[in-house]
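Residue numbering for the sequence shown is 1 to 279, as defined by UniProt numbering.
For each residue, glycine too, the CB sits at the ideal point set by N, CA and C.
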Amino acid sequence: MTLTTTQIEQLISATRQTAKTEILPWYRRLDDSEIDTKAHAQDLVTKADKASERALTDLAAEILPGAVVVGEEAVSDGSVSLDALKGAEQALIIDPIDGTWNYANGLNTFGVILAVVENGETVFGLLYDPMGDDWVMAERGGGAVFARADGTQRAAKARAPRQVNEMTGYWPPSLFNTEARGRLYDFAKGIDRMGSLRCACHEYRLFSQGGADFLLTGNLNPWDHAAGALIAREAGGYVKMLDGEAYAPTLTEGSLLVAPDRDSWMALADPLRMAVFGD
C-alpha cells in the first residue's frame with residue numbers, strides 16, 4: 001500500500017484547514033476552564049487539542065479509508081490503544097497540537113504532527129507550523145522537503161558533521177529521572193549548547209534544516225517521533241535507538257538518538273548511554 005500524491009496533498013490541506021478552524025482561533029484566547037491536565041501538572045490538554053484531533057480523525061476517514069487512526073488524545077482518554085498500530089496495514093498517527101504547554105501559555109512554538117505507518121514502518125511524515133503556515137515533510141525514500149503555502153519548496157538537509165564540543169543538542173530534561181538528568185547536565189558541559197523547545201515538532205524541524213546537531217528523546221510516544229524520525233533520516237541524518245537498534249513507531253520504551261551521520265552518532269552514543277542509563 002502506497003500513498004498517492006493526491007492523498008498527501010489532502011492530508012496537508014486537512015492539517016492546514018484544521019489549524020485555521022480549531023487551533024489558531026483559540027491561541028491566547030483560552031480560559032482556565034478550557035485547559036486541563038493529564039499525567040501530571042505540566043502535561044496539558046486544551047479544548048483545541050481535542051477539537052483538532054476530532055476534525056483530523058474525521059477527515060482521515062475520507063482521505064485514508066480503512067486506516068487505523070491513533071491520536072494522542074484518544075490514547076490518553078482510553079478510547080484507542082497503542083496496540084492498534086501493531087499489525088495495522090495502514091495507520092495514521094496524529095498529534096493535534098505538539099507543544100501544548102507552549103500553546104496554552106501563549107508561546108508560538110507548537111505544531112501539528114502526522115505520520116502514516118504501513119505494516120509497522122513510517123512511510124510519510126508531516127511537521128506543520130500553524131503560525132508560519134509552512135511544513136517539513138518526507139516520504140520514505142524520497143528525501144525531506146520544507147514547503148510554504150505559496151507552493152515554494154526546498155530540500156531539507158541535516159547540518160554537516162562537527163566535533164562534539166561544537167554541537168548543539170536538544171532533549172527534554174523533565175522526561176528523564178533525577179539521576180539521569182544530572183548526568184545529562186554534566187555531559188552538556190562538554191558541548192556548545194543544549195536546550196529543549198518543549199515541542200518535538202520544532203526540534204525535528206530544526207534538525208532537518210541544519211539548526212541542531214542531535215536530538216535525544218525522553219520517551220517514544222509515536223505521535224511525537226514517528227514523523228520526525230522519518231524526516232530526520234530523509235534529511236540525511238542517522239537515526240537509531242540509543243542501544244543501537246532500529247527505531248520503529250511501535251516501540252514504546254527506550255531513547256532515540258538522532259545525529260547528522262553515523263560517526264557523529266557513534267561519538268555521542270557512548271557518553272549519552274552512560275548519562276541516561278548510568279553504566
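Beta carbon of residue i nearer than 8 Å to that of residue j
i, j, result
"residue 250", "residue 120", "yes"
"residue 26", "residue 50", "no"
"residue 201", "residue 94", "no"
"residue 101", "residue 29", "no"
"residue 157", "residue 236", "yes"
"residue 228", "residue 242", "no"
"residue 155", "residue 134", "no"
"residue 138", "residue 222", "no"
"residue 11", "residue 107", "no"
"residue 272", "residue 187", "yes"
"residue 153", "residue 144", "no"
Length of the line joining the Cα atoms of residue i and residue j
i, j, result
"residue 4", "residue 213", "32 Å"
"residue 74", "residue 80", "5 Å"
"residue 169", "residue 7", "34 Å"
"residue 218", "residue 59", "31 Å"
"residue 278", "residue 261", "25 Å"
"residue 173", "residue 209", "23 Å"
"residue 233", "residue 20", "30 Å"
"residue 269", "residue 9", "37 Å"
"residue 163", "residue 183", "20 Å"
"residue 258", "residue 66", "32 Å"
"residue 193", "residue 266", "19 Å"
"residue 264", "residue 62", "42 Å"
"residue 41", "residue 35", "11 Å"
"residue 23", "residue 245", "37 Å"
"residue 45", "residue 38", "7 Å"
"residue 178", "residue 275", "11 Å"
"residue 92", "residue 185", "36 Å"
"residue 166", "residue 181", "21 Å"
"residue 78", "residue 151", "39 Å"
"residue 89", "residue 83", "13 Å"
"residue 171", "residue 1", "34 Å"
"residue 203", "residue 196", "8 Å"
"residue 64", "residue 85", "15 Å"
"residue 161", "residue 13", "35 Å"
Continuous alpha helix (DSSP H) stretch holding residue i: start and end
i, result
"residue 137", "That residue, residue 137, is in no alpha helix (DSSP H); its beta strand (DSSP E) goes 134-139."
"residue 7", "5-18"
"residue 74", "72-76"
"residue 276", "262-277"
"residue 198", "First-last for residue 198: undefined, no H or E at that position."
Cβ neighbours of residue i in the same chain (closer than 6 Å, five flanking residues each side left out)
i, result
"residue 18", "52, 55, 56"
"residue 189", "none"
"residue 128", "15, 111, 112, 135"
"residue 206", "212"
"residue 124", "3, 116, 139"
"residue 130", "19, 23, 24"
"residue 69", "57, 60, 92"
"residue 76", "38"
"residue 252", "220"
Where the beta strand (DSSP E) through residue i begins and ends
i, result
"residue 191", "Segment: none, residue 191 is in no beta strand (DSSP E) and carries neither H nor E."
"residue 96", "91-98"
"residue 35", "35-37"
"residue 44", "44-46"
"residue 146", "144-148"
"residue 257", "256-259"
"residue 129", "121-129"
"residue 114", "111-118"
"residue 154", "153-155"
Own chain, CB closer than 8 Å to residue i, minus 5 neighbours either side, in chain order
i, result
"residue 256", "215, 216, 217, 220, 225, 229, 239, 240, 241, 242, 247"
"residue 122", "115, 116, 140, 226, 227, 229, 230, 249"
"residue 33", "none"
"residue 97", "23, 46, 48, 49, 52, 103, 110, 111, 112"
"residue 142", "234"
Cβ-based neighbour list, residue i, same chain, cut-off 7 Å, excluding 5 preceding and 5 following
i, result
"residue 43", "37"
"residue 118", "1, 89, 90"
Residue i: CB within 7 Å of a non-hydrogen atom of the ligand GTP
i, result
"residue 135", "The ligand GTP is absent from the structure shown, which contains no ligand whatsoever."
Those runs of the alpha helix (DSSP H) which lie wholly inside the region 208-237 and span at least 4 residues: 222-234
Within the region 158-189, ranges of the alpha helix (DSSP H) (whole runs, at least 4 residues): 178-188
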